[in-house]
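**Q**
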Amino acid sequence: MPIGPGEQDVRRLQLTGGATYTLSLPKPWVIANKLAARDSLRVDWRPSGELSLSPLDVVEEQRTQISLDLDGLPKGALYDHLMGAYISGALEIYVQSESPLKRKVRSEIRRFLRSTRGFEIGEQTVSSARLVSLLNAGELPLQASLNRMYLLLSSLVRDIVDVLGGGDEGMITDHEEREREVDGLQYLIERQVGSMLDSPHIVKSLALNRKQGVEHANLARTLERMMDHANQMAKMTLETNPRPYIDPDELPLVALPIWMDSIKSLMINLRTRDSHEIEGARNSLKDAQLDLEKHEEGLWTGKGKATPLLFEDRISESTRRLCAYARDFGEILLNMMAYDSIQRSCDATP
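Numbering (the numbering used here), first residue to last: 1 to 350.
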């Protein structure tokens, strides 16, 4: 029976010549892909056991477009819709209005371009703007983006420790810029993983299967959340005046080197996959979490001044959250190891 996109059909294998198995293809699919007799098809055998068929000369990345009508959007919602279009994998985003684009709209478009990777304004008129992606979703390896996110995060935390110990404040004045870069990389990974679900060519380019892609997106999300807390710590450090002194050899600051060593070990194990090292890092982080919880409970039992205590409490809370998200990072690594170790077979015996 004829089928279309999203529909299913059951077809029987035919044995030809005693050695060759043949399977008929749906005629609507053949016509839609402009195929003829003797044309070649690409056959991808996926780890799940499924076969994926595609024309050999198909365009690896189809041009996809989303149109945003400003007159039909809620007020102030343009940026959210632009980000939604970006993460969904659209290669072109067309923004239009019946009236000239306001300054606020153009500002939101520029903000979107700063927050993402690979998008530029391809065409612009008084009442419309066409945003075009110049970056192929399969070009940048996911692990390279994760490594960059880790370097930005760990360097900011290290600089915060130095400033709290009496170092130059100038080391962390760019904390928001670093956070924006981490956000942009996380959005890019979300976009790439979403594209993997639609295109086997992107799966092949990134050299990951879809399950691995989803787990890389989960790793990116934990790094982004840790960066949020590091950014809050940097902001508090700069804005609190006078800044209370916190002994770097006491809680909460003494827990930050534990976090830095643990997250470094976990990042290494993204490649090496040593379960003993992963569990060791997670246990160290758990101990640090428990110590920080006790420290926060004891802060308000004394007679200290409110402002220094509040500052220390918030630094401690952010440090504790860094440890919690790093433990989540380790758990995701263990999930990836478990998935890779699954033994698959076609034995249907109950």
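Backbone N, C-alpha and C define an ideal beta-carbon position, used for all residues, glycine too. All of these numbers come straight from a predicted model, not from anything done at the bench.
If you draw a straight line from the C-alpha of residue 297 to the C-alpha of residue 290, how long is it?
**A** 11 Å
**Q** Given that a residue counts as buried once 16 or more other Cβ atoms are within 10 Å of its Cβ, and exposed if not, what is residue 197?
**A** exposed
**Q** Could you tell me which of 76, 184 and 203 sits nearest to residue 225, measuring between CA atoms?
**A** 184
**Q** Could you check how far apart the C-beta atoms of residue 108 and residue 127 are, in whole angstroms? I think they sit under 8 Å.
**A** Contact doesn't hold; Cβ gap of about 15 Å is too wide.
**Q** Quick check: the stretch 250-262 against the stretch 321-332, are there 3 or more CB pairs under 8 Å?
**A** yes
**Q** Looking at C-alpha atoms only, which residue of 337, 181, 276 and 307 is the closest neighbour of residue 146?
**A** 181
**Q** Measuring straight from C-alpha to C-alpha, what distance separates residue 232 and residue 249?
**A** 22 Å
**Q** In three-state DSSP terms, what is residue 51?
**A** strand
**Q** Which two residues bound the contiguous alpha helix (DSSP H) that contains residue 122?
**A** Residue 122 -> not in any alpha helix (DSSP H); beta strand (DSSP E) instead, spanning 119-124.
**Q** Check each candidate in 313, 102 and 30 and name the one with the smallest Cα separation from residue 55.
**A** 30
**Q** Go ahead and pull the three-state DSSP assignment for residue 106.
**A** In the structure shown, residue 106 sits in a helix (DSSP, three-state: H, G or I).
**Q** Which of helix, strand or coil does DSSP assign to residue 3?
**A** coil
**Q** Just how far apart, CA to CA, sit residue 215 and residue 306?
**A** 42 Å
**Q** Per DSSP, what kind of secondary structure is residue 300 in: helix, strand or coil?
**A** coil
**Q** On the three-state DSSP scale, how would you describe residue 319?
**A** Assigned with DSSP and collapsed to three states, residue 319 falls in helix.
**Q** If the criterion is Cβ atoms closer than 8 Å, does the pair residue 105 and residue 131 meet it?
**A** no
**Q** If you draw a straight line from the alpha carbon of residue 274 to that of residue 7, how long is it in whole angstroms?
**A** 43 Å
**Q** For the beta strand (DSSP E) that residue 69 lies in, which residues bound it at each end?
**A** 65-69
**Q** Going by beta-carbon coordinates alone, are residue 124 and residue 90 separated by less than 8 Å?
**A** no
**Q** Once the 5 residues before and after residue 21 are set aside, which same chain residues still bring their CB inside 8 Å of it?
**A** 13, 14 and 15
**Q** Anyone know if the C-beta pair for residue 336 and residue 186 falls short of 8 Å?
**A** no
**Q** Which residues mark the beginning and the end of the beta strand (DSSP E) in which residue 96 is found?
**A** Membership of residue 96 in the beta strand (DSSP E) is indicated by the continuous run 92-96.
**Q** Assuming the contact rule is C-beta atoms closer than 8 Å, residue 227 and residue 169 should be a hit. Round their C-beta distance to whole Å, please.
**A** Not confirmed; about 19 Å, so no contact.
**Q** Using CA coordinates, which residue listed in 18, 252 and 174 is at the minimum distance from residue 364?
**A** Because the chain here runs from 1 to 350, residue 364 falls outside it and cannot be looked at.
**Q** Is the beta carbon of residue 309 sitting closer than 8 Å to the one on residue 299?
**A** yes
**Q** Which first and last residues belong to the beta strand (DSSP E) in which residue 153 is found?
**A** That residue, residue 153, is in no beta strand (DSSP E); its alpha helix (DSSP H) goes 142-164.
**Q** Enumerated in chain order, which unbroken segments of the beta strand (DSSP E) with a length of 3 residues or greater are wholly contained in the stretch 249-288?
**A** none
**Q** For the stretch 204-255, list the alpha helix (DSSP H) runs that are entirely contained and at least 4 residues long, ordered along the chain.
**A** 210-239
**Q** Excluding the 5 residues flanking residue 348 on each side, which residues of the same chain have their C-beta closer than 6 Å to its C-beta?
**A** Residue placement at residue 348 cannot be trusted, given a pLDDT of 49 that sits under 50; what the coordinates show is reported in the next sentence. So no residue of the chain qualifies.
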